[in-house]
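Undergrad: Mind having a look at this structure? Questions to follow.
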Amino acid sequence: MRINVRFAGAGGQGVILASVLLAKGYGLGENYNVVQTQSYGPEARGGACKAEVVVSDEEIDYMKVDEADVFVALNQIGYDIYAGCVKKGGIVLVNSTLVEAKDPRHYEIAATEMAESMGNPMAVNIITLGALTKLMPKVHFPTIEKEIIKKFQDPVRAANLEAYKMGYETMKHKLP
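Note that the sequence shown covers residues 27 to 202 in my numbering.
Structure (structure tokens):
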């Protein structure tokens with residue numbers, strides 16, 4: 027089993043953090059082999075940014091994601107650049123507040139709108155990660171939740187746990 031995941035957005039949206047939390051969840055919590063890579067433009071904040079996670083039950087000898095099994099777009103530019111690089115039948119999750127998806131089969135979550143409504147506009151990535159956890163195979167809600175608990179101190183921890191649960195529950199109610 028190999029799962030190629032790509033996150034795309036703008037620097038400052040938490041693309042890299044979301045990918046690191048997912049990678050730690052799979053690697054430390056679920057005991058898979060994991061590689062996480064990232065790249066961003068020279069602007070860092072506001073410029074194009076992508077992060078990739080490769081998950082496997084075997085040794086990983088190729089770290090690059092050529093075609094994603096799972097793609098997460100936090101902004102329109104990231105979606106436009108990478109949505110065409112998803113395997114047929116792959117999972118595409120978009121932040122529908124900022125992304126106009128071109129395929130009705132893509133999963134949508136209004137992450138920016140939700141983050142703003144909870145008074146935590148920086149939580150877009152964590153809300154999206156919650157939704158993604160519901161869609162992803164072989165990773166469980168408590169596994170990523172533990173990584174959030176380890177990563178943050180209160181009050182940020184509590185706010186991010188709330189955001190993570192909100193994203194997960196929202197996606198849970200959207201699925202058949």
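Even glycine gets a Cβ: it sits at the ideal position worked out from N, Cα and C.
By how many angstroms is the C-alpha of Asp87 removed from the C-alpha of Met192?
TA: If you take the alpha carbons of Met192 and Asp87, they lie about 36 Å apart.
Undergrad: Any heavy atom of the ligand NAD closer than 7 Å to the Cβ of Val165?
TA: Absent from the structure shown: the ligand NAD. Ligands present: none.
Undergrad: In angstroms with no decimal places, state the Cα-to-Cα distance between Thr138 and Gly37.
TA: Those two C-alpha atoms are separated by around 15 Å.
Undergrad: At which residue ranges does the region 69-156 contain complete beta strand (DSSP E) runs of 3 or more residues, listed in the order of the chain?
TA: For the region 69-156, whole beta strand (DSSP E) runs of length 3 or above, ordered along the chain, are 74-82, 94-99, 112-121, 133-135.
Undergrad: Please classify Ala104 as buried or exposed, where buried requires at least 16 other C-beta atoms within 10 Å of its C-beta.
TA: At residue 104 the sequence reads Gly, which differs from the Ala that was named. When all chains shown are included, Gly104 counts as buried.
Undergrad: The alpha helix (DSSP H) spanning Phe33 covers which residue range?
TA: Here Phe33 belongs to no alpha helix (DSSP H); instead the beta strand (DSSP E) covers 28-36.
Undergrad: Could you check the C-alpha separation between Ser143 and Pro202 for me, to the nearest Å?
TA: Those two C-alpha atoms are separated by around 26 Å.
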